[in-house]
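Trainee:
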Amino acid sequence: MDRFEKYESDLVDRLVELCTARGLMDGMLLSSPDITARWEPIALDYSGDAVREFNAYPEVVLAWTAYIGMAVACWWDKDWVRYKDQGYSSLVGSRGFDDLDEHVTRDILKHPLNSKDAADIAGNLAFLAGEAYSYMMRQGVEAQSVDAFNIFRHTLSAMYRIGAALELKALRYRMEKI
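Position one of the sequence shown corresponds to residue 10 (my numbering), numbered consecutively onward.
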């Protein structure tokens with residue numbers, strides 16, 4: 010494990026702790042190899058928007074990444090054969106990056122935008138994005154450097170994984186001993 014993978018692992022552990030303290034998780038990161046594997050192809054397209062928007066809206070970029078994870082987990086649960094090849098363009102609404110959160114919430118997760126569920130998701134993801142951003146900034150890497158890009162890339166991956174785990178938990182998946 011290189012230092013950036015360790016960084017991502019430590020960040021995920023911290024976010025799982027925070028989610029567990031808020032009652033959103035049970036102390037572990039729910040995941041599926043199918044969901045995890047979808048991140049890289051989506052990230053290739055998402056990264057252009059993410060890099061462009063990051064300086065002005067860093068926490069939005071991080072929260073949107075968790076929304077992407079939630080959407081992919083929802084697709085995985087609904088009909089993976091049908092949705093497994095959906096890309097970034099399926100995750101944005103009519104205003105592109107700007108309404109990704111609303112499109113995912115309303116059209117994929119099927120929560121009315123004025124519902125308590127939608128507000129809870131938005132509040133929790135904003136909190137987690139703030140924590141992830143703070144964690145990222147404490148790494149002490151030089152801005153605009155290769156190290157900064159790698160920290161950014163691994164932070165996006167961590168937020169995607171957290172978003173997917175939150176949706177799997179909401180869908181009542183859980184880990185059990187066999």
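We put the CB at the ideal spot given by N, CA and C, even for glycine.
Measure the CB-CB distance between T114 and A141 and report whether it falls below 8 angstroms.
Mentor: Along the sequence shown, read from residue 1 onward, the residue named residue 114 stands at position 105. Along the sequence shown, read from residue 1 onward, the residue named residue 141 stands at position 132. Cβ distance not < 8 angstroms, so T114 and A141 don't count as in contact.
Trainee: For G132, which of helix, strand or coil comes out of DSSP?
Mentor: Here residue 132 corresponds to residue number 123 of the sequence shown, with the count starting at 1. If DSSP states are grouped into helix, strand and coil, G132 belongs with the helices.
Trainee: Less than 8 angstroms between C-beta atoms, sequence neighbours within five positions excluded: which residues of the same chain meet that for G105?
Mentor: On the sequence shown, residue 105 is found 96 positions in, with the first residue counted as 1. Cβ within range, chain order: D58.
Trainee: Could you check which residue in D110, V90, D54 has the C-alpha nearest to that of S98?
Mentor: Taking the first residue of the sequence shown as 1, we reach residue 98 at position 89. Measuring from the Cα of S98, the nearest candidate turns out to be D54.
Trainee: Between which two residues does the alpha helix (DSSP H) harbouring L20 extend?
Mentor: On the sequence shown, position 11 is the one that residue 20 refers to. 12 to 30 is the extent of the alpha helix (DSSP H) around L20.
Trainee: Would DSSP call G96 helix, strand or coil?
Mentor: Locating residue 96 in the sequence shown gives position 87, counting from the first residue. In this structure, G96 counts as coil in the three-state DSSP scheme.
Trainee: Does chain B have any CB closer than 8 angstroms to the CB of R104?
Mentor: Chain labels in this structure do not include chain B; a single protein chain is all it has.
Trainee: Since G102 sits in a beta bridge, which residues does DSSP pair it with?
Mentor: The sequence position of residue 102 within the sequence shown is 93, counting from 1. BP columns for G102 point to G105.
Trainee: I'd like the list of long-range same chain contacts for N159, defined as Cβ closer than 8 angstroms, with 5 residues on each side in sequence excluded.
Mentor: As a first step, residue 159 must be located in the sequence shown, where it is residue number 150. Taken in chain order, the residues that qualify are F13.
Trainee: List the endpoints of the continuous alpha helix (DSSP H) containing V155.
Mentor: What you label residue 155 is simply residue 146 of the sequence shown in a count that begins at 1. Here the alpha helix (DSSP H) through V155 covers 155 to 179.
Trainee: When you compare the stretch 61 to 80 with the stretch 14 to 21, are there three or more beta-carbon pairs, one atom per stretch, that lie closer than 8 angstroms?
Mentor: no
Trainee: Could you spell out the range, first to last residue, of the alpha helix (DSSP H) harbouring E151?
Mentor: Locating residue 151 in the sequence shown gives position 142, where the first residue counts as 1. First-last for E151: undefined, no H or E at that position.
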